Amino acid sequence: MSEVVNITLMGRTFSVRSNDKPEQVEAAAALVQQRIDEIRQLGTTVASDRLLTLVALNLAGELLRGKESQSQDVDGLLEQLDTIVSQAQGLAEAPLR
C-alpha cells in the first residue's frame, strides 16, 4: 500500500507517494541531500536542475557499479562451488584402498 511521505531537498518540501517504508524514502532523500551538499561544498555554482541531474547520474553510476561487482562476486562463488563439487565427485568415485 502506498503512503505519502514528505521529504525536503534543497530547502523545498515534496510530497512523495511510495510503496516503500517511509523510513526508506526519508533515508533516500537524506542521501540525495548529502550528495547535493557535497557538490555545493566544491564551491561551484550549479543550477538546481543540473545539480539534481548530476546527483542522479552519480547515484545511478554507483548503483550500476555495485550491481556489476555483486554479479562478479556471485560468478566467483559459483566457480568455487563448481570446483568443490568436482573435487567431491572425484573423491566419491575414487577407489577405496
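The sequence shown begins at 735 in this note's numbering and counts up by one. For every residue, glycine included, the Cβ atom is placed at its ideal position computed from N, Cα and C. Nothing here was measured: the structure is a model prediction, and the numbers come from that model.
Q: Taking only beta-carbon positions, decide if Ile770 is within less than 8 angstroms of chain B.
A: The structure shown contains no chain B, having only a single protein chain.
Q) DSSP puts Leu743 in a beta bridge; with which residues? A) On the sequence shown, residue 743 is found 9 positions in, with the first residue counted as 1. Beta-bridge pairing links Leu743 to Arg746.
Q: Rounded to whole angstroms, what's the CA-CA distance from Gln804 to Gly795? Just pull it up for me.
A: By 1-based counting over the sequence shown, the position of residue 804 is 70. By 1-based counting over the sequence shown, the position of residue 795 is 61. Distance between the alpha carbons of Gln804 and Gly795 is about 14 angstroms.
Q. Considering only residues of the same chain and omitting the five flanking positions on each side of Asn753, which have a CB-CB separation below 6 angstroms?
A. Along the sequence shown, read from residue 1 onward, the residue named residue 753 stands at position 19. These residues qualify, in order along the chain: Ser736.
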